[in-house]
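Note sheet for the following structure.
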Amino acid sequence: MQQQPLRKMVVSKKLMKVGPWGGSGGHPWDDGGHSGIRSITVSYDRCIDSISVEYDKDGLAVPGERHGGAGDKHTTQIKLSFPDEYLTAVSGNYSPIAHGGSPVIRSLAFRSSQRAYGPFGAAEGTPFTFPVDGGVIVGFYGRSGWQLDAVGLYVAALRLERMYDRVQKIGLSAYRAVMHRIGPQQQQQQQQQEPGEKLNGNAQITHKT
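Counted the way the UniProt record's numbering counts, the sequence shown spans residues 1 to 209.
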C-alpha cells in the first residue's frame with residue numbers, strides 16, 4: 001500500500017488579538033501579526049524594561065522596534081529554531097513599582113513548541129497567562145514608556161496546508177503542471193474540506209487584509 005505524503009502545517013491568515021495585560025501608562029505600540037517569530041530580546045531588572053521581537057514574514061526576517069526604556073541591567077535574547085520551533089504561550093506578572101503608580105509588566109515567561117524560557121524580571125503582582133491550544137503566537141502589541149507598561153498578543157491557528165497555499169508558493173503555471181501529473185483522483189482528495197480551526201481563550205477576532 002502506497003503511503004500518502006505528510007502534509008505540512010501552516011499558519012492561518014485569520015488572527016485573534018488577545019489582551020492586553022498591564023497598566024495604562026506609556027504610549028501604545030503595535031507590531032501587528034506576522035507568519036512567525038524568530039527571536040525575542042528582553043531587558044529587565046525589577047520589571048521588564050523593554051522588549052523587541054524579530055518576526056518572520058513569509059520567509060523574510062523582519063526586525064521589530066524596541067519597546068520600553070533604556071534600562072538594560074539584564075538582557076536576554078531568545079532565539080527560536082524557526083520554522084520548526086514556534087511560540088505557544090506567554091505568561092507573566094504586572095503591578096505598580098511604586099505605591100500609587102500605574103501597573104507595569106514585572107515579569108515575562110515564554111513557552112515554545114519545544115521548551116520553556118524564563119521567567120525574566122520579578123514575579124510579583126497579578127499573574128496572567130495565555131496558552132494557545134492548536135495555534136501559534138505571531139505578534140505583540142502593548143504600551144511602553146520608561147518600562148513595558150502592558151503587553152498583548154496576536155494569535156493564529158495552525159492548519160494543514162491546502163492546495164491553495166501551494167499555488168501561492170509555486171505559481172499558477174507550475175500548479176497546472178502538478179495537477180496534470182497527479183491525476184484527477186488525487187485532485188479530488190485535495191479538494192476535500194479541511195478540518196476546522198480551533199483556538200482556546202476569549203479573544204477579539206480580526207482578519208488580515
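Don't be surprised by glycine CBs; every beta carbon is placed ideally from N, CA and C.
- Message: Within 10 Å of its beta-carbon, does Ala150 have 16 or more other beta-carbons around it, so buried, or fewer, so exposed?
- Response: Under this definition Ala150 is a buried residue.
- So what does DSSP say about Ala123, is it helix, strand or coil? The three-state secondary structure of Ala123, taken from DSSP, is coil.
- Rounded separation between Ala89 and Leu108 - CA only: Rounded to the nearest whole angstrom, the C-alpha separation of Ala89 and Leu108 is 11 Å.
- At least 3 beta-carbon pairs within less than 8 Å: the region 49–56 vs the region 30–39: Pairwise C-beta distances place the region 49–56 in contact with the region 30–39, as three or more of them are shorter than 8 Å.
- Arg38 in three-state terms, based on DSSP: Strand.
- Give me the Cα-Cα distance between Thr126 and Phe120, rounded to the nearest whole angstrom. Counting only the Cα atoms, Phe120 lies some 15 Å from Thr126.
- Compare the C-alpha of Arg111 against each of Ile105, Gly92, Tyr44, Ala123 and name the closest. Ranking Ile105, Gly92, Tyr44, Ala123 by Cα distance to Arg111 puts Gly92 first.
- Message: Measuring CB atoms only, is the region 20–35 touching the region 59–77, in the sense that at least three cross pairs come out at less than 8 Å?
- Response: Cβ pair count under 8 Å is three or more, so yes.
- Query: Which word fits Pro131, buried or exposed, when buried means at least 16 other C-beta atoms lie within 10 angstroms of its C-beta?
  - Reply: Flag for Pro131 reads exposed.
- Is the beta carbon of Ile137 less than 7 Å from the beta carbon of Ile48? Not a contact, by the Cβ cut-off of 7 Å.
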